[in-house]
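Residues in the sequence shown are numbered from 433 upward in steps of one, following the numbering used here. Below is one structure, written out as C-alpha cells; the observations come after it.
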Amino acid sequence: MWGCQALQTTRDSRVTSTKRPPVQTRSGWRDWLGGFFTSSIGLKWIMAITGIGLLGYVAAHLFGNLKIFTGTDAAGEYYIDLYSEALWHLGGHLLPGGFLLTVLRIGLAAAFILHIWSAAVLTKRNRVAMGSTRYQASRNWAASNYASRTMRFGGIIILLFLLYHLADLTLGWANPDFHHGDVFDNMIASLSRWPVAVLYMVANVALAFHIYHGSWSLFQSLGSANPKYNSLRRGFATVFAAVILVGNLSIPIAILAGWV
C-alpha cells in the first residue's frame, strides 16, 4: 500500500515537473494602444493623422469663407449665410439642428488637442536627445530651414489667433456688431477694422508656414521618406500652403479695399 502511494506520488511529481509555467497573458489592444500613445513612432503617426484632418478642415473652411465673394441669390440672401445655415442643418430631418455640426466641432477640437500634445511631447524628447549631443544638435539647428525653425512659435500664434477668431466670429464676444447667423455682415464688421484685419493677415502667414512644413513632413511621419519623391512632396506643400495663404489673405484685403 505504501509502495503504491509512493509510486503514485512519484508519477504525480513527474507530471507536475513536466508542466510548463503559466504564460503571462497581455491585455492585447490595451497594451498596443498604450504603447502607441507613448512611443515616438506612435506620436508621429498621431501628429500626422490629426494634421491631415486639420489640413482638410482648413481647406473646407476656406472654401466656405470664399463664398463671401459670391454675392446674393434672387431673394437677396447672401450665399455665405445660406451656406452657414446649410451647415447648421446637416443631417436634414433625421438629426436636430446643429447636432452633426457640434459633433464635427468636438472631433476637430479633439484632433487639435492631440496634435498639440503629440507635438509638445516629441519636442521635449528631441530636446533631451539633442542635449546629449550639443555639437550635432547645433549643426542640425543651423541646417534646418526657416519654416521648420518657426513651427513652434507659429503654432503658438495660430492657437492664440484661433481663440480670438472663435470669440470674434463664432461667439461674438470680440465683435460689438455681431449678430448670430449673419455671417456676411459679421465678417464685414470685423475685418473692416484695421487692427483686426492686420491680425488676421499675420496669423494666416504663420498658418501658411505651418501648413508648408506640416504637409511636407507628414509624409515622412507616415513612412514615406524616399528621397526621390522629395520634389513632389515639397511641390505639394508649396502649392497647398500658397493656395490657403492667398485665399485667406484675399478676404481681409478685399473688405478693407471696399471690394465686397
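C-beta atoms are modelled at their ideal positions from N, C-alpha and C, and glycine is treated no differently. It should be emphasised that the depicted structure is a prediction, and the values quoted were computed from it without experimental measurement.
Exposed unless 16 or more other CB atoms sit within 10 angstroms - verdict on residue i
i, result
"isoleucine 588", "exposed"
"histidine 525", "exposed"
"asparagine 662", "exposed"
"valine 560", "exposed"
"valine 634", "exposed"
"asparagine 636", "buried"
"aspartate 513", "buried"
"arginine 665", "buried"
"alanine 507", "exposed"
"alanine 574", "With a pLDDT of 47 at alanine 574, under the threshold of 50, the modelled position of this residue cannot be trusted, and the question is left open."
"alanine 551", "buried"
"isoleucine 538", "exposed"
C-beta contact flag for residue i and residue j at 8 Å
i, j, result
"alanine 669", "serine 647", "yes"
"tyrosine 511", "glycine 503", "yes"
"leucine 486", "glycine 679", "no"
"isoleucine 500", "valine 692", "yes"
"phenylalanine 641", "glycine 586", "yes"
"leucine 546", "tyrosine 489", "no"
"leucine 494", "isoleucine 676", "yes"
"leucine 623", "isoleucine 683", "yes"
"methionine 562", "histidine 645", "no"
Sequence-distant residues of its chain with Cβ nearer than 8 Å to residue i (five each side left out)
i, result
"alanine 657", "Phe651"
"leucine 554", "Ser472, Leu475, Lys476 and Met479"
"phenylalanine 616", "Ile500, Tyr510, Ile512 and Asp513"
"isoleucine 620", "Ile687 and Val692"
"aspartate 505", "Tyr511 and Leu514"
"glycine 496", "Ile512, Tyr515, Ser516 and Leu519"
"arginine 557", "Ser472"
Own chain partners of residue i with C-beta closer than 7 Å, once the 5 adjacent residues on each side are dropped
i, result
"asparagine 618", "Leu601, Asn607, Phe610 and His611"
"alanine 655", "Before going further, note that residue 655 is glycine rather than alanine in the sequence given. There are no such residues."
"leucine 522", "Leu532 and Leu533"
"leucine 681", "Met633 and Asn636"
Sequence-distant residues of the same chain with beta carbon closer than 6 Å to residue i, five excluded per side
i, result
"glycine 474", "Phe468"
"glycine 530", "Trp520"
"alanine 686", "Val692"
"leucine 639", "Ile590"
DSSP beta-bridge partners of residue i
i, result
"threonine 504", "Tyr510"
* Asked: Using 8 Å as the Cβ pair cut-off and three pairs as the minimum, do the segment 475-488 and the segment 649-656 touch?
  -> Yes, they touch.
* Mind the definition here: the segment 463-472 touches the segment 628-641 only if three or more C-beta pairs lie below 8 Å; say whether that holds. => Under the Cβ criterion (8 Å, minimum of three pairs), the segment 463-472 does not count as touching the segment 628-641.
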